[in-house]
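K.L.:
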Amino acid sequence: MRQIFTKQVRKWAKVGGISTPQSFSTWCPHCSEKVTFTCANHLHDAKRACVTSSANCPGCSHHVGVWSLGAHGPESAEVYIHPSNGEPREPRNVSDSISEPLYRSYTSTVDAYNSGNYVATAVCCRRTLEGLFQGLLPEGKRVSNLAKAISDVADSVDLAEPIRNLANVLRHGGNLGAHFDMEKEPDEAMALQMLTLLENLIEFLHVLPREISALEQHLDRES
Ligand SMILES: [Zn+2]
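Structure below.
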């Protein structure tokens with residue numbers, strides 16, 4: 006099952022008091038094209054408080070099943086389709102960590118990929134990478150060459166600083182240090198913060214170096 010979000014619904018219908026899409030736009034699970042599905046044969050299942058319907062892809066004609074669960078208005082509707090393959094890549098939730106233009110450039114890259122436009126994906130990817138590395142350099146020191154920008158960042162920005170800060174904080178106690186104190190009972194927010202920190206460290210220390218070397222090996226084999 007893949008969830009269809011309310012912003013993807015073009016038109017709503019109401020069956021047995023439940024809001025269900027009359028039409029919605031998404032990637033077809035069969036042919037991966039972005040299309041608008043029109044729903045037909047609505048069936049109200051009162052016991053399960055849901056409406057099921059059928060839709061066919063206007064591109065490849067294959068059938069998609071639609072389930073709308075227990076909602077009394079489009080705002081709270083929960084809609085799912087089956088099968089769920091052809092799922093688009095969701096952008097990562099990094100809007101708080103990077104500038105707004107950079108985040109827009111990143112989501113455009115994901116959109117280009119999801120629409121199957123790989124040339125545009127590569128162009129957007131490069132543009133976002135440039136923005137990412139330029140943004141780490143001081144105003145007067147920005148260069149247009151991507152490789153140069155990356156090596157300037159490596160030379161001038163202390164990329165190991167967060168790791169050193171973490172070590173210092175753990176050494177000297179304080180709020181973050183208290184998180185790692187086994188005597189202290191963590192609440193949900195504290196547990197989530199620790200888990201997020203752990204996942205980010207795994208990405209930074211292990212996933213990123215491994216992926217860069219895997220990408221290099223893959224490109225070496227192709228050339
Ligand atoms: Zn299709």
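First residue of the sequence shown: 6, per my numbering; consecutive thereafter. For every residue, glycine included, the Cβ atom is placed at its ideal position computed from N, Cα and C. Being a predicted model, the structure only gives us computed values, none of them experimental.
1. If you measure from the CB of Glu92, is any heavy atom of ligand 1 nearer than 8 angstroms?
2. Quick one: Cα of Ser24 to Cα of Trp32, how far?
3. With distance defined between alpha-carbon atoms, name the residue in Asp50, Phe29, Leu210, Pro34 nearest to Thr41.
4. Can you name, in chain order, every residue of its own chain whose Cβ lies under 6 angstroms from the Cβ of His87, other than the five neighbours on each side?
5. For Pro96, which of Thr112, Glu105, Leu224, Ala172 has the nearest alpha-carbon?
6. Spell out the partners DSSP gives Leu48 in its beta bridges.
7. With which residues is Ala18 paired in a DSSP beta bridge?
8. Should His211 be counted as a contact of ligand 1 given a C-beta to heavy atom distance under 8 angstroms?
9. Under the rule that 16 or more other beta-carbon atoms within 10 Å means buried, what is His223, buried or exposed?
10. Is the Cβ-Cβ distance between Ala154 and Val162 less than 9 angstroms?
11. Which residues have a Cβ closer than 5 angstroms to any heavy atom of ligand 1, listed in chain order?
12. Have a look at Leu151 and Phe138 and give me their C-alpha separation to the nearest angstrom.
13. Look at the alpha carbon of Cys130 and the alpha carbon of Leu48, and state the distance between them as a whole number of angstroms.
P.N.:
In short:
1. No, Cβ of Glu92 sits at least 8 angstroms from all heavy atoms of ligand 1.
2. Answer to the nearest angstrom: the Cα atoms are 22 angstroms apart.
3. With distances taken between Cα atoms, Thr41 lies closest to Phe29.
4. Excluding residues within five positions, the ones whose Cβ falls inside 6 angstroms are Met6, Gly70.
5. Taking the Cα of Pro96 as reference, the smallest distance to any Cα among Thr112, Glu105, Leu224, Ala172 is reached at Thr112.
6. For Leu48, which the question treats as bridged, DSSP gives the partners Thr57.
7. As a beta-bridge residue in DSSP terms, Ala18 pairs with Thr25.
8. Of the heavy atoms belonging to ligand 1, none sits nearer than 8 angstroms to the Cβ of His211.
9. It counts as exposed.
10. No. Outside cutoff.
11. For ligand 1, residues qualifying as neighbours are Cys33, His35, Cys36, Cys62, Gly64, Cys65, where qualification means a beta carbon closer than 5 angstroms to at least one of its heavy atoms (chain order).
12. Distance between the alpha carbons of Leu151 and Phe138 is about 8 angstroms.
13. Their backbone Cα atoms lie some 44 angstroms apart in a straight line.
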